[in-house]
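**Q** One structure coming up, written as structure tokens, with questions to follow.
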Amino acid sequence: MPKDLVAASATPLVLGILSEGENYGYAILKRVNQLSSGELEWTDGMLYPLLHRLERLGYAEAAWKVPSGSRARRRKYYRITESGRQALAEQRRQWTVITGALQGLWHEMSPPPSPALLKG
Amino acid sequence: MTAVPNAGDTPDLEALIAQWRSGLEQPSAVDPADADELEDHLRDQIADLTSAGLAPDEAFLIAVKRMGSVDSLSSEFAQEHPDRLWKRLALEPSGDERPSARSDFWTMIGFACAAALAVKAPAAFGVDLTDNARFYGRNAGLFALVPLAGYFVWHRGMPAARALRILAPALAGVAVVINAYPFEDGSDTETLAALHAPIALWLLVGVAYAGGGWRSDRKRMDYVRFTGEWFIYYVLIALGGGVLAGFTTGAFDVIGIDAEEFVTSWVLPCGAVGAVVVAAWLVEAKQSVVENMAPVLTKLFTPLFAAMLLAFLGAMVWTGRGIDFDRDVLVLFDLLLAVVLGLLLYATSARDPRAPHDAFDLLQFVLVVSALVANALVLAAMVGRISEFGFTPNRIAALGENVVLLVNLAWSARLHLGFWRGRLPFASLERWQTAYLPVYLIWATLVVVVFPPLFGFA
Chain L
1 MPKDLVAASA TPLVLGILSE GENYGYAILK RVNQLSSGEL EWTDGMLYPL
51 LHRLERLGYA EAAWKVPSGS RARRRKYYRI TESGRQALAE QRRQWTVITG
101 ALQGLWHEMS PPPSPALLKG
Chain F
1 MTAVPNAGDT PDLEALIAQW RSGLEQPSAV DPADADELED HLRDQIADLT
51 SAGLAPDEAF LIAVKRMGSV DSLSSEFAQE HPDRLWKRLA LEPSGDERPS
101 ARSDFWTMIG FACAAALAVK APAAFGVDLT DNARFYGRNA GLFALVPLAG
151 YFVWHRGMPA ARALRILAPA LAGVAVVINA YPFEDGSDTE TLAALHAPIA
201 LWLLVGVAYA GGGWRSDRKR MDYVRFTGEW FIYYVLIALG GGVLAGFTTG
251 AFDVIGIDAE EFVTSWVLPC GAVGAVVVAA WLVEAKQSVV ENMAPVLTKL
301 FTPLFAAMLL AFLGAMVWTG RGIDFDRDVL VLFDLLLAVV LGLLLYATSA
351 RDPRAPHDAF DLLQFVLVVS ALVANALVLA AMVGRISEFG FTPNRIAALG
401 ENVVLLVNLA WSARLHLGFW RGRLPFASLE RWQTAYLPVY LIWATLVVVV
451 FPPLFGFA
């Protein structure tokens, strides 16, 4: 997967995952893996500067909590804000345009390309 | 990655994580909270991998690899937090800080306020600034530096008994002498005492700064470093204060209120003495946060002063002009020697004593020698004429200062030469400077205590 594609899709993905509910870094990453069936490979550490950027832009709020259980470590939880939801809606609109356009293109290309062709 | 010790050992895993984390926290944009967050991630990952059957050390290696290299992480964080690369000094005590830092902040505020109160206290007894400039001039050093000494006694944990035994009598002695002497109105000895009392007091503050351990070379050198930084901070605060005072009078003038009286009798004196403590606190608080400025300025100005002095000597030889001797020449050269000494001192204070000599040492040597030659010419021109000018207190003081500085610089030049030839370690230069500090104290005390009666308080 090219780097810029990963980078471009990272913000809507993370915002989308946060819109499902409050979450922390490691679990967000696991969710990304699950959603992309392991195809989207992020360098784990890069998620955090992204989360901090969302926090700075006011799209997310963060709070340190010590989860219940035997854990002694505190963990930083992120929650999407109202302006985060608006940004997500806007991103969603843009991505729908892009994926819609691509879908239309794929549809007209017949026969549908095989994985071997895609790799070429 | 370093070799991974035997698997399955929890302490080893802890050591590995600690090592990884310390790499992350090296001067970079990753602050401790971020490192906490990343470490939490790493540990979750390791836990998942070990529960899937991996050995802890293998799990650690994989988790670290997935996390990305420390360098790229740091640069990614630096893009998101560029401000963190500018080392910050939090003025307000924040929640993260050690409680001692917070209480230190309030102590500083307390002593700064005490200084401000002290400088205004005489006015409550009818001794106000405008009519008693002489009184305030004599006591300026006391108003500013006694609270500073108090702050350091507290901050540096000088035992109270020692402070009372050594410091308090000395400070009280200066206060008594300076106020009990029957100075003639506008006399030279009074001006000299007013100028030298702060020098003596400043060196006494050093006793408190060293927490009583003022015999130690290292503590003395620390105080020298502190002095340089303090001076820079004080000048910066003074500049800001000047701007504030200007705007205060200007803004109130607009609405027809004359604030000048308030500014000159309250803001300026209180600010001037309070800032002494504030600047000291700033130096202490930012010690490890910001690069020391004094050595940087030293590096900048040593070549320039060396060039200036060489040009001066060259011009003197070239044109064959004698020294046009008037009363200020000696004072000018005293100040020049003091600046050269300062340059030498601050270069010394920031130098690694173990490093071999380099071009900058040579430059310093040139600076010192050319200053000595210039000064020698001035003294030579003066020798025949001292009697014709007469022995006034000002002239004797200037001459004495010159000798004090001259001795220091001449011996420094000799030590420099020894160091250059590899006969002496650099530490001997450092020791010479710190060992010489009491000489300044003795000389300043002499001018304050002995000069006035010697010259009949004239």
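Sequence lines, in order, name chains L and F.
One point on numbering: in this note's numbering, the residue at position 57 of the first sequence is 57, and numbering is uninterrupted.
One point on numbering: in this note's numbering, the residue at position 393 of the second sequence is 393, and numbering is uninterrupted.
A virtual CB, placed ideally from N, CA and C, is assigned to each residue, including glycine.
In this text, all values refer to a predicted model and were calculated from it rather than measured experimentally.
Quick one: using the 10 Å Cβ neighbour count with 16 as the cut-off for buried, is Phe60 of chain F buried or exposed?
**A** So Phe60 of chain F counts as buried.
**Q** Using only the alpha-carbon positions, how far apart do Trp281 of chain F and Gly246 of chain F sit?
**A** Their Cα atoms are separated by approximately 26 Å.
**Q** Quick one: does Thr11 of chain L have its CB under 7 Å from some CB of chain F?
**A** Chain F, which has no Cβ nearer than 7 Å to the Cβ of Thr11 of chain L, makes this no.
**Q** Going along the chain, which unbroken runs of the alpha helix (DSSP H) with 4 or more residues stay wholly within the region 3-75 of chain L?
**A** Counting only runs of 4 or more, we get 3-19, 25-35 and 47-57.
**Q** Apart from the five residues on each side of it in sequence, which residues of its chain come closer than 6 Å, Cβ to Cβ, to Ser265 of chain F?
**A** Closer than 6 Å at the Cβ level, and outside the excluded window around Ser265 of chain F, lie Leu129.
**Q** Tell me the residue span of the alpha helix (DSSP H) that contains Ser216 of chain F.
**A** Ser216 of chain F -> no alpha helix (DSSP H), and no H or E assigned at all.
**Q** Skipping 5 residues on each side, what residues in its chain have a beta carbon closer than 8 Å to that of Pro438 of chain F?
**A** Around Pro438 of chain F: Leu203.
**Q** Any Cβ of chain L within less than 7 Å of the Cβ of Ala18 of chain F?
**A** No - not a single Cβ of chain L is within 7 Å of the one on Ala18 of chain F.
**Q** Taking contact to mean 3 or more Cβ pairs, one atom from each stretch, closer than 8 Å, check whether the region 86-95 of chain L and the region 5-19 of chain L are in contact.
**A** With the cut-off at 8 Å, the region 86-95 of chain L and the region 5-19 of chain L touch.
**Q** Within 7 Å of any Cβ in chain F, is that where the Cβ of Pro67 of chain L sits?
**A** It does not; no Cβ of chain F falls within 7 Å.
**Q** Looking at chain F, is there any beta carbon in it that lies within less than 7 Å of the beta carbon of Asp4 of chain L?
**A** For Asp4 of chain L, the answer is no, since every Cβ of chain F falls outside 7 Å of its Cβ.
**Q** Where are the alpha helix (DSSP H) runs, 4 residues long or more, that stay fully inside the region 124-195 of chain F, in chain order?
**A** Counting only runs of 4 or more, we get 133-155 and 168-180.
**Q** Is there a Cβ of chain F sitting closer than 7 Å to that of Met46 of chain L, yes or no?
**A** Yes, Met46 of chain L lies at the interface with chain F (some Cβ there is under 7 Å from its Cβ).
**Q** Relative to the C-alpha of Val366 of chain F, which residue among F:Gly422, F:Leu344, F:Pro269 and F:Gln26 is closest?
**A** It is F:Leu344.
**Q** Would you kindly work out how many angstroms separate the C-alpha atoms of Asp358 of chain F and Pro12 of chain L, rounded to a whole number?
**A** Cα to Cα, Asp358 of chain F sits roughly 57 Å from Pro12 of chain L.
**Q** For Arg156 of chain F and Gly211 of chain F, which I take to be in contact (beta-carbon distance under 8 Å), what is that distance rounded to the nearest angstrom?
**A** Right, the Cβ-Cβ distance comes to about 4 Å (below 8 Å), so this counts as a contact.
**Q** Tell me whether Lys219 of chain F is buried or exposed, calling it buried when 16 or more other Cβ atoms sit within 10 Å of its Cβ.
**A** Buried, by the Cβ-count rule.
**Q** How would you label Gln19 of chain F, buried or exposed, when you count the other beta carbons within 10 angstroms and need 16 or more for buried?
**A** Exposed, since its Cβ has fewer than 16 Cβ neighbours within 10 Å.
**Q** Whole angstroms is fine: what's the gap from Glu108 of chain L's alpha carbon to Val97 of chain L's?
**A** For Glu108 of chain L and Val97 of chain L, the distance between alpha carbons rounds to 17 Å.
**Q** Quick one, which of F:Ala116, F:Phe455 and F:Ile178 has its alpha-carbon nearest Arg138 of chain F's?
**A** Taking only the C-alpha atoms, the option nearest Arg138 of chain F is F:Ile178.
**Q** Between the alpha carbons of Val176 of chain F and Ile109 of chain F, how many angstroms are there, rounded?
**A** Cα to Cα, the separation comes out at about 27 Å.
**Q** Just how far apart, CA to CA, sit Asp9 of chain F and Gly274 of chain F?
**A** Note that Asp9 of chain F scores a pLDDT of 48, beneath 50, so its modelled location is shaky; the value from the coordinates is reported in the next line. Whole-angstrom Cα-Cα distance: 57 Å.
**Q** Any beta carbon of chain L sitting closer than 7 Å to that of Asp44 of chain F?
**A** Yes, Asp44 of chain F counts as interfacial toward chain L.
**Q** Is Arg84 of chain F close to chain L, meaning its C-beta is less than 7 Å from at least one C-beta of that chain?
**A** So no, Arg84 of chain F is outside the interface.
**Q** At what residues does the alpha helix (DSSP H) containing Gly418 of chain F begin and finish?
**A** Note, Gly418 of chain F: alpha helix (DSSP H), Pro393 to Trp420.
**Q** Count the other CB atoms, across all protein chains shown, that sit within 10 Å of the CB of Gly95 of chain F; report buried if there are 16 or more and exposed otherwise.
**A** For Gly95 of chain F, the pLDDT reaches just 45, beneath the cut-off of 50, and the residue's location in the model is therefore unreliable, although a value from the coordinates is still provided. Exposed: under 16 other Cβ atoms inside 10 Å.
**Q** In chain L, which residues lie less than 8 Å from Gln79 of chain F when you measure between Cβ atoms?
**A** The contacting residues are Pro49.
**Q** Mark Arg225 of chain F as exposed unless 16 or more other C-beta atoms lie within 10 angstroms of its C-beta, in which case mark it buried.
**A** Buried, since its Cβ has 16 or more Cβ neighbours within 10 Å.
**Q** According to DSSP, which residues form a beta bridge with Arg79 of chain L?
**A** According to DSSP, Arg79 of chain L bridges with L:Glu61.
**Q** Which residues in chain L have a C-beta closer than 8 Å to the C-beta of Glu260 of chain F? List them in chain order.
**A** The contacting residues do not exist; Glu260 of chain F stays about 45 Å from chain L at best.
**Q** For Leu362 of chain F, is the classification buried or exposed, using 16 other Cβ atoms within 10 angstroms of its Cβ as the cut-off for buried?
**A** Classification for Leu362 of chain F: exposed.
**Q** CA-CA distance, Gly141 of chain F and Ala200 of chain F?
**A** Cα-Cα distance, rounded: 9 Å.
**Q** If you follow the alpha helix (DSSP H) that Met308 of chain F is in, where does it begin and where does it stop?
**A** Looking at the DSSP string, the run of the alpha helix (DSSP H) that includes Met308 of chain F is Met293 to Thr319.
**Q** In chain L, what lies closer than 7 Å to Gly23 of chain F by C-beta?
**A** Neighbours of Gly23 of chain F on chain L: none; closest Cβ ~12 Å, over 7 Å.
**Q** Could you check which residue in F:Gly342, F:Asp31, F:Cys270 and F:Lys286 has the C-alpha nearest to that of Lys299 of chain F?
**A** Closest by alpha carbon: F:Gly342.
**Q** For Tyr209 of chain F, I'd like the list of residues in its chain whose CB is within less than 7 Å of its CB, leaving aside the five on either flank, ordered along the chain.
**A** So the list reads Phe152, Arg156, Tyr223 and Phe226, once near-sequence residues are dropped.
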